[in-house]
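Numbering follows UniProt numbering, in which position 84 of the sequence shown is assigned residue number 84; successive positions increment by one, without gaps.
All residues carry an ideal CB built from backbone N, CA and C; glycine is no exception.
Please read these numbers as outputs of a predicted model, since none were measured by experiment.
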Amino acid sequence: MVILAFVAIWFGMIGYMPDIEDLQNPINRFATQVYSADGKVLGTWNLNKENRIVIPYKKMSPYLIKALVATEDERFYEHSGIDFRALGRAIVKRGILGQTNAGGGSTITQQLAKQLYSEKAGSTMERLLQKPIEWVIAVKLERYYTKEEILALYLNYFDFLHNAVGIKTAANTYFNKEPKNLTLCESATLIGLCKNPSLFNPVRYPERARERRNVVLSQMVKAGYLSRSEYSQYAAEPLTLNFHRTDHKD
């Protein structure tokens, strides 16, 4: 029965399923930057309300990638869109043991599918119905994109608050830097927003954001990206922002 439902969703017989062109070009509206002959930015324009500029994976700090994978999807490089082990753990902890603070088991690719194609659910039942559709979309995304491309899509699409949609605008807004120049702590601060941007807003709740940053650093230790001594060093650092909003011109 489950397999039949999966097949029906795959072919668009149940729920909305984006076509191949949509899957291959999920982000097609970005801000346009105009440069002078000497390489200076003359202006930034956007045709819609989203303040986003897309950048490739190679222009992102390795700290961003490691922090994202360690925190949101530790087996990202091992699955094909769905992490059945994490999903089973989430079902047991949340559904059977009632641990509402346990992780939801969604992979980075599933989260991307939700961001790209799912409307905000109006009820718990509607959200439950969206889940299997996102699973199918996640599997399809894994077929069309490399792991690096999926990570880049995720970070380019995520809304980091304060009109900062995408990692380039977020790095500029919070730290006045390019994404490739972000430090470990700066990267961990931005990735900390992925769990709940409003709750861990570093401008409004700096101490809460610092605590969340340290959770991200702790996950990086668990994933083998940091040593315990390195964690102790970085976790002691204060939360330091260089905040300014960047609004793209109409």
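Going by DSSP, which residues form a beta bridge with residue i?
i, result
"Asp159", "Val165"
Could you have a look at residue i and say whether DSSP puts it in helix, strand or coil?
i, result
"Asn181", "helix"
"Glu134", "helix"
"Ile53", "coil"
"Lys222", "helix"
"Thr240", "coil"
"Ala31", "Low confidence applies to Ala31: its pLDDT is 47, below 50, so where it sits in the model is not reliable, and the reading given next is rough at best. Ala31: coil per DSSP, three-state reduction."
"Leu42", "A caution first: Leu42 carries a pLDDT of 49, below 50, which makes its placement in the model unreliable, though a value can still be read off. Here Leu42 sits in strand by DSSP."
"residue 252", "The requested residue 252 is not part of the displayed model; the chain covers only 1 to 250."
"Thr107", "coil"
"Lys66", "helix"
"Leu47", "Unreliable placement is indicated for Leu47, whose pLDDT of 44 sits below 50; no coordinate value is reported for it."
"Arg75", "coil"
"Met125", "helix"
"Glu230", "helix"
"Tyr144", "helix"
"Gly81", "coil"
"Phe200", "coil"
"Arg212", "helix"
"Glu149", "helix"
"Thr173", "helix"
"Thr246", "coil"
"Gln99", "With a pLDDT of 49 at Gln99, under the threshold of 50, the modelled position of this residue cannot be trusted; read the value that follows with caution. Three-state DSSP puts Gln99 in coil, outside helix and strand."
"Glu186", "helix"
"Leu193", "coil"
"residue 251", "Residue 251 lies beyond the range of the chain shown here (1 to 250); nothing can be said about it."
"Lys114", "helix"
How close, in whole Å, do the beta carbons of residue i and residue j come, if the pair is a contact with beta carbons under 8 Å?
i, j, result
"Ser61", "Ser187", "5 Å"
"Asn172", "Thr240", "With 8 Å as the limit, Asn172 and Thr240 do not qualify as a contact, their Cβ atoms being about 16 Å apart."
"Leu129", "Gly105", "Going by Cβ atoms, the distance from Leu129 to Gly105 rounds to 17 Å, so no, they are not a contact pair."
"Glu148", "Tyr57", "4 Å"
"Ile65", "Leu151", "6 Å"
"Glu72", "Ile108", "5 Å"
"Phe158", "Gly166", "7 Å"
"Glu145", "Leu153", "The amino acid at residue 145 is misidentified as Glu; the sequence shows Tyr. 7 Å between Cβ atoms; contact."
"Pro179", "Ile55", "6 Å"
"Tyr234", "Val221", "With a Cβ gap of about 10 Å, Tyr234 and Val221 do not count as contacting."
Under 8 Å, with one C-beta from each stretch per pair, do the stretch 221 to 240 and the stretch 199 to 211 reach the 3-pair mark? yes
Check whether the stretch 186 to 206 and the stretch 130 to 149 touch, using three or more Cβ-Cβ pairs below 8 Å as the test. no
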